[in-house]
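Peer 1: Residue numbers (mature numbering (1 follows the signal peptide of the UniProt record, and there is no 0)): -16 to -1, 1 to 365.
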Amino acid sequence: MVQLKSVLAYASLASAAAVPAPLVNFAGESGRFSVNLKYNDQFKRGASADFDLAARDGNGTTPAHDSPSRPDAEYYAEILVGTPAQTMNLLFDTGSSDLWLFGTDVDGSVPAGSARWNHTASSTASLVQDGSWSIHYGDGSGAKGSIYKDAVSIAGASVSSQGVEYASSVSPMSGGGDILGSPVSGIVGFGFDGGNTAKPQQKTLFSNLLPSLNQPVFTVDLNHQADGTFGFGFVDSGKYSGDLTYTDVDSSGAYWGMTSTGYQAGDGDWVQLQYSGIVDTGDSTFYVPTDAYNAWSALLPSGGVTSDTVVPDFWFGVGSAKIRVPGAHLVESDGNGGYSLTIKDSGSNSQGTWGSPSMTGAYLVFENGNNGPRLGWANSK
């Protein structure tokens, strides 16, 4: 989600009571599964948030649908919550660590087509006493409320006691748009546990699933205006070309941060430059260093982008590998003949954010094993 502005609340481990690990079950093949993602074409982009890395960086396979009229963000999937199960559409966000839902009594603007979670209808929901959470995003939107433990199931994999943050109040984007577009009802974050804003702090869904997965990974395969998947517990070598190249992630950080080794604008020369940022499926913008943006945008026609413009590719470095972002993935149509860019200047030569447009030509592995977290990148087939 674009530029998290809240001060992250950290619970004291010393005061936390020991609790049993949630039970994890698989309806299909044990230890691995894939998630059906859809693209939310009802989402309305709010005013662009100022880039602020420091505010965000703590240093059975089914297809996804992508709307051709929107940038590649706001991917969501069906998740079942409670007993009996209530179906909720949640945005998949590697740039946050909370699992939160609209509550039945939520105060604020909620899209008509978005479901609301009724915790009183679930026989397995239990209130976390004195629990609370609050989160605010750089686009002006936010949410807050109470915390429950309940059963959560995703693509046949179920967690018996997942922390679920119940939104009793939401605020809109500064541009006036709803915090989420119909039919999305909340967010499931895949950052690290340290980024969770709840008091007491809650484990992420991935963290609870992790001990039961065949491999300590989830993977992201987003395709521009086409199908894609989130996979858990396995790496699909059929989805990428060449080799995966891994880069370390700062294990003290709240999110999946990495350092790039350089860039290339169009057919220009490769430029060695180290710059850092997070990899964020919930951000619809690809922020790049100032010099990189200037070199790339200088290749665009002076009259602006039109339907006939051949938009130049952009490349960035992961170790010794070069990952390509097709130029066509870096613009979006407004539906009225106009175009805007989904690649922007970070305002610095040392910072960036790998938002969803940067991933649509790549296959990613988010690994959190015994040797610590790392990110793997390869170009898609």
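We put the CB at the ideal spot given by N, CA and C, even for glycine.
#1: Using 8 Å as the Cβ pair cut-off and three pairs as the minimum, do the stretch 277 to 288 and the stretch 233 to 244 touch?
#2: List the DSSP bridge partners of residue 316.
#3: For residue 223, which of helix, strand or coil comes out of DSSP?
#4: Would you tell me roughly how many angstroms separate the C-alpha atoms of residue 275 and residue 318, rounded to the nearest one?
#5: Just to confirm my understanding: we take residue 356, look at its own chain, exclude 5 residues before and 5 after, and list those with CB closer than 8 Å. What are they?
#6: Report the option in 304, 208, 96, 196 whose CA atom is closest to the CA atom of residue 168.
#7: Could you say which of 100, 289, 173 lies nearest to residue 166 if we only look at CA atoms?
#8: Would residue 173 and residue 77 be called neighbours here (beta carbons separated by less than 8 Å)?
#9: Mind checking which residues open and close the beta strand (DSSP E) that includes residue 9?
#10: Between the alpha carbons of residue 204 and residue 17, how many angstroms are there, rounded?
#11: Quick one: residues in its chain with C-beta nearer than 6 Å to the C-beta of residue 306, no 5 flanking neighbours on either side, listed in chain order?
#12: Count the CB pairs spanning the stretch 211 to 231 and the stretch 149 to 165 that are closer than 8 Å, and state whether there are at least three.
#13: In terms of residue numbering, what span does the alpha helix (DSSP H) encompassing residue 228 cover?
#14: Out of 335, 269, 320, point me to the one whose CA is closest to residue 291's CA.
#15: When the distance is taken between beta carbons, is residue 151 closer than 8 Å to residue 216?
#16: Out of 344, 182, 144, point me to the one whose CA is closest to residue 326's CA.
#17: State the CB to CB distance for the pair residue 258 and residue 268, rounded to an integer number of angstroms; the pair is presumed to be in contact (CB under 8 Å).
#18: Secondary structure at residue 208, three-state DSSP: helix, strand or coil?
#19: With distances taken Cα to Cα, identify the nearest neighbour of residue 312 among 304, 302, 328, 295.
#20: Less than 7 Å between the CB of residue 168 and some heavy atom of the ligand SAH, yes or no?
#21: Rounded to the nearest angstrom, how far is the Cβ of residue 400 from that of residue 134, given a contact under 8 Å?
#22: Using C-beta distances below 8 Å, list every residue in its chain close to residue 19, excluding the 5 sequence neighbours before and after it, in chain order.
#23: In terms of alpha-carbon separation, which member of 144, 171, 127 lies closest to residue 107?
#24: Mind the definition here: the stretch 110 to 129 touches the stretch 175 to 191 only if three or more C-beta pairs lie below 8 Å; say whether that holds.
#25: Taking a contact to mean a Cβ-Cβ separation below 8 Å, would you say residue 142 touches residue 136 in this structure?
Peer 2: Looking at the atomic coordinates:
#1: Pairwise C-beta distances place the stretch 277 to 288 out of contact with the stretch 233 to 244, as fewer than three of them are shorter than 8 Å.
#2: Counted from its first residue, the sequence shown places residue 316 at position 332. Paired residues: 324.
#3: Residue numbering aside, residue 223 sits at position 239 when the sequence shown is read from its first letter. Residue 223: helix per DSSP, three-state reduction.
#4: The count along the sequence shown starts at 1 and reaches residue 275 at position 291. The count along the sequence shown starts at 1 and reaches residue 318 at position 334. Rounded to the nearest whole angstrom, the C-alpha separation of residue 275 and residue 318 is 27 Å.
#5: The sequence position of residue 356 within the sequence shown is 372, counting from 1. Correct list, in chain order: 232, 233, 235.
#6: For this step, residue 168 is matched to residue 184 along the sequence shown. The closest CA to that of residue 168, considering only 304, 208, 96, 196, is found on 96.
#7: Locating residue 166 in the sequence shown gives position 182, counting from the first residue. Ranked by how close their Cα comes to the Cα of residue 166, the residues 100, 289, 173 have 100 in first place.
#8: Here residue 173 refers to the residue found at position 189 when the sequence shown is read from its first residue. Here residue 77 refers to the residue found at position 93 when the sequence shown is read from its first residue. Going by C-beta atoms, residue 173 is nearer than 8 Å to residue 77.
#9: As a first step, residue 9 must be located in the sequence shown, where it is residue number 25. Counting along the chain, the beta strand (DSSP E) containing residue 9 begins and ends at 8 to 10.
#10: For the purposes of this step, residue 204 is identified with residue 220 of the sequence shown, where counting begins at 1. For the purposes of this step, residue 17 is identified with residue 33 of the sequence shown, where counting begins at 1. Roughly 13 Å separates the two Cα atoms.
#11: Stepping through the sequence shown from its first residue, residue 306 is reached at position 322. 299.
#12: Counting Cβ pairs under 8 Å, fewer than three are found: no touch.
#13: Locating residue 228 in the sequence shown gives position 244, where the first residue counts as 1. For residue 228, there is no enclosing alpha helix (DSSP H), as DSSP marks it with neither H nor E.
#14: Your numbering for residue 291 matches position 307 in the sequence shown. Comparing Cα positions, the closest option is 320.
#15: As a first step, residue 216 must be located in the sequence shown, where it is residue number 232. As a first step, residue 151 must be located in the sequence shown, where it is residue number 167. It is not a contact, given that the beta carbons lie outside the stated cut-off.
#16: On the sequence shown, position 342 is the one that residue 326 refers to. Checking every option, the nearest Cα to that of residue 326 belongs to 344.
#17: Along the sequence shown, one-based indexing puts residue 258 at 274. Along the sequence shown, one-based indexing puts residue 268 at 284. Contact flag wrong, Cβ pair sits at about 25 Å.
#18: Along the sequence shown, one-based indexing puts residue 208 at 224. Correct three-state label for residue 208: coil.
#19: Here residue 312 corresponds to residue number 328 of the sequence shown, with the count starting at 1. Of the candidates 304, 302, 328, 295, the one whose C-alpha sits nearest the C-alpha of residue 312 is 295.
#20: This structure lacks the ligand SAH, and indeed carries no ligand of any kind.
#21: What the structure shows of the chain is the stretch from -16 to 365, and residue 400 is not part of that stretch, so it cannot be assessed.
#22: Taking the first residue of the sequence shown as position 1, residue 19 is located at position 35. Result list for residue 19: 46, 61, 76, 138, 139, 213, 214, 215, 216, in chain order.
#23: Your numbering for residue 107 matches position 123 in the sequence shown. For the residues 144, 171, 127, the minimum Cα distance to residue 107 belongs to 144.
#24: For the pair of segments examined, the stretch 110 to 129 was found to touch the stretch 175 to 191: the number of CB pairs separated by less than 8 Å reaches three.
#25: The residue labelled residue 142 in the question sits at position 158 within the sequence shown. The residue labelled residue 136 in the question sits at position 152 within the sequence shown. Contact: yes.
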